[in-house]
Amino acid sequence: MRYAMAIDTKKCVGCSDCVVACQTENNIPIGYSRDWITETVEGTYPGLHLQIRSERCNHCEDTPCVRTCPTGASHVIEGGIVKVTPEECIGCGSCIEACPYDARYVHPEGWVDKCTFCDHRINNGQDPACVSVCPTTCMYFGDLDDPNSEVSRITAVRRIKVLAAEAGTKPQIFYLV
Amino acid sequence: MKEELIISGRMNPHIDPVMNIWHWSIPLYLFLGGLAAGLLFFAAYQTIMGKDKKFLTSVRIGPIVAFGAIVIGLMALLYDLHHPLYFWQLYTTIRLDSPMSWGAWTLMLIMPLNMIWIFSYLKDIYPVHKCKLGFIRKIAAWIITTNDTKPEQDWDWKHKIIRDFEKYIVKDRKPLAWAMAILAIVLGVYTGILLSAFNARPLWNTAILGPLFLTSGLSTGAALLMIMTKDHFERISYSKIDILLVIIELFFITHWFMGYQAGSEIKVHTVSYFLGGEFTVTFWVNVIILGLTIPLILEVMELMKFKIPVIVPGLLIIWGGLAFRFIMVDAGQVIRYLY
Ligand code: SF4
Ligand code: SF4
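Residue numbers (this note's numbering), protein chains in the order written: chain A, 212 to 388; chain B, 52 to 390.
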């Protein structure tokens, strides 16, 4: 099993519903967020190209955050989801420095927090909160090992890119461009 | 020209707008770790070479200062942890892939060795008859016996087991020295690897950081010994060692920048922060000029029999080592992959 997400940059309007849904679902402390919207504008006027992306932990295949964790608090669970055990985390910040996407933060209680792909929802057969609220349905979630899952089907036909591939972490969030 | 404007809606504390998870305590810890590695290495090296009678400050006083540095460094590290009550989790597992884990375990091994080392020289360092503080003598009386009639060897351990252990160590110091030398090198290299293991931070992600931080740690150690010793021969020896180490350091830095300039886009971008960009002045003034070049010139002048107060090049080198670590940790967090 290999959970992954595909996000359609052509459909995303940057409404931040996914951000709010995550904050509500996962009880994120005020001022923090596990997912966020990035807008990039490329080129010189008038040849401008705008891209809007919903970003979060990429649940990388090659996880530098897990590798550099001295206690094993950062770990990978079934399906390739990267999680943190608060009771094992000493808050040293290694994993935060190790993530090329700055996808982690220190929870006010001292341990490190990040996107969990809403594994508590997946276990109930639901989609992650961000995916389920998107008004433009621009996000696809599922198992890459299953050729019939939504994410496998859409990444098979559309052109995809991953962020900062050169950092070498094999991200599992695919942007449809 | 192709331009790109990136706007992110994320505002996580200490992560945005620039990463600032590690502030002053980590560079301080790296500096003190490097300094301790230097001091312990020289103590061990002089012993292995059989020169422990000549380099008295190195073998007797150096390790005491090193121990203090390690303790303060560890406190700084602990202070930096956001979940410090759980720090013991570091010692429930050994993770070979994690430099933090390596460091925690290296310190765990080096501290007892360091203590044994200091213990084995205690009698030489502290003649009790000189001690004016009555209460210390009283406390000490729990574990030692004094004999004021023999000034050169005026006290001994009360318990036979301690005396036997001491005899055993003092009889042949070389095995302890070898273990210490190896661990000191591991500690010195580790202070660099802690940073270089992060592929997410382009400034840190280079193998040269290990040897570079080791060299820098050794040179701050040599500089401190140079300041502390009262013996002319010992001072000149460390002055010479320091000249060599500073030259190696300058070579490593040149090599490192050249490698980056010939590297991929992100590396060229990274090194531009030091060759014209944000960190150019801080780095060149504090590290290259004040911390390496000027002390190098002063020490060469001293060898040529000019009168130079040793404290000047010594402190400059220590300043350079400290500034180097602060700039590296700071800049490393500012420079990131753009996507
Ligand atoms: S995006 Fe960052 S936190 Fe998530 S798995 Fe990759 S390296 Fe780890
Ligand atoms: S902050 Fe916590 S999860 Fe991150 S590396 Fe340190 S111990 Fe591991």
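Think of the CB as a built atom: it goes at the ideal place given N, C-alpha and C, for glycine as much as any other residue.
Treat the numbers as computed from the prediction; the structure is a model and nothing was measured.
- For a Cβ distance threshold of 9 Å, nothing in chain B lies close to isoleucine 365 (chain A): the least Cβ distance comes to about 21 Å.
- The beta carbons of histidine 270 (chain A) and tyrosine 214 (chain A) sit closer together than 8 Å.
- Chain order gives no chain A residues near serine 76 (chain B), where near means a beta carbon separation below 7 Å; the closest approach is about 11 Å.
- Among the bridge pairs identified by DSSP, valine 317 (chain A) is matched with A:Val323.
- Nearest to leucine 128 (chain B) by alpha-carbon distance, out of B:Thr242, B:Glu54, B:Leu90 and B:Ala88, is B:Thr242.
- Excluding residues up to 5 positions away in sequence, Leu349 lie with their Cβ nearer than 7 Å to the Cβ of valine 363 (chain B) in the same chain.
- Under the 8 Å Cβ criterion, the region 91-100 of chain B does not count as touching the region 257-266 of chain A, having fewer than three qualifying pairs.
- Classified as buried, leucine 254 (chain B) has 16 or more neighbouring CB atoms from the shown chains inside 10 Å of its CB.
- For the region 267-286 of chain A, the set of positions with a beta-carbon nearer than 9 Å to some beta-carbon of chain B reads Pro275, Cys276, Val277, Arg278, Thr279, Cys280, Pro281, Thr282, Gly283 and Ala284 in chain order.
- Using a 10 angstroms sphere on the CB of aspartate 293 (chain B), the tally of other CB atoms reaches 16 or more, which defines it as buried.
- Taking C-alpha positions only, isoleucine 241 (chain A) is separated from leucine 173 (chain B) by approximately 56 Å.
- For threonine 197 (chain B), the enclosing beta strand (DSSP E) covers residues 195-197.
- Shown here, methionine 216 (chain A) sits in a strand according to DSSP, grouped into three states.
- Secondary structure note for methionine 350 (chain A): it is in no alpha helix (DSSP H), and the uninterrupted beta strand (DSSP E) holding it is 350-354.
- Contact annotation: in the region 312-324 of chain A, residues whose CB is within less than 7 Å of a CB in chain B are Asp313, Tyr316, Val317, Gly321 and Trp322.
- The beta carbon of tryptophan 208 (chain B) sits no closer than 7 Å to any heavy atom of ligand 2.
- For tryptophan 153 (chain B), the secondary structure class from DSSP, reduced to helix, strand or coil, is helix.
- Ranked by Cα distance from phenylalanine 249 (chain B), the first of B:Ser59, B:Gly101, B:His65 and B:Tyr388 is B:Tyr388.
- Of the other Cβ atoms in all chains shown, 16 or more fall within 10 Å of the Cβ of arginine 252 (chain B); this residue is therefore buried.
- Selection around ligand 1 by beta-carbon proximity, strictly under 6 Å to any non-hydrogen atom, yields A:Cys268, A:Asn269, A:His270, A:Cys271, A:Thr274, A:Pro275, A:Cys276, A:Val293, A:Cys310, A:Tyr312, A:Ala314, A:Arg315, A:Lys325 and A:Thr380 in chain order.
- For the pair of segments examined, the region 289-307 of chain A was found to touch the region 321-341 of chain A: the number of CB pairs separated by less than 8 Å reaches three.
- Inter-segment contact for the region 65-79 of chain B and the region 208-217 of chain B is absent: fewer than three beta-carbon pairs are separated by less than 8 Å.
- For isoleucine 304 (chain B) and leucine 343 (chain B), the gap between their C-alpha atoms comes out near 11 Å.
- Listed in chain order, the alpha helix (DSSP H) runs fully inside the region 319-382 of chain B are 345-354, counting runs of at least 4 residues.
- For isoleucine 248 (chain A), a Cβ of chain B is located within less than 8 Å of the residue's own Cβ.
- Its chain contains Leu387 as the residues whose beta carbon lies nearer than 6 Å to that of arginine 369 (chain A), once the 5 sequence neighbours on both sides are disregarded; these appear in chain order.
- The three-state secondary structure of aspartate 207 (chain B), taken from DSSP, is strand.
- The shortest C-alpha to C-alpha distance from tryptophan 229 (chain B) to any of B:Lys209, B:Tyr289 and B:Leu91 is the one to B:Leu91.
- Lysine 102 (chain B) sits in coil when the DSSP states are folded into three classes, being neither helix nor strand.
- For arginine 286 (chain B), no beta strand (DSSP E) run applies; the uninterrupted alpha helix (DSSP H) run containing it begins and ends at 283-312, by DSSP.
- Scanning chain B for C-beta atoms nearer than 9 Å to the C-beta of glycine 242 (chain A) yields Met62, Asn63 and Pro64, reported in chain order.
- Going by beta carbons, alanine 258 (chain B) and serine 247 (chain B) fall inside the 8 Å limit.
- Check the Cα spacing between aspartate 223 (chain B) and each of B:Val380, B:Val297, B:Leu81 and B:Met100: the tightest is with B:Met100.
- Under the 8 Å criterion on CB atoms, alanine 378 (chain A) is classed as interfacial with respect to chain B.
- Inter-residue distance for isoleucine 378 (chain B) and serine 149 (chain B) is about 23 Å (C-alpha atoms, whole angstroms).
- By the Cβ test, the region 277-291 of chain B is not in contact with the region 225-240 of chain B, since fewer than three Cβ pairs between them sit closer than 8 Å.
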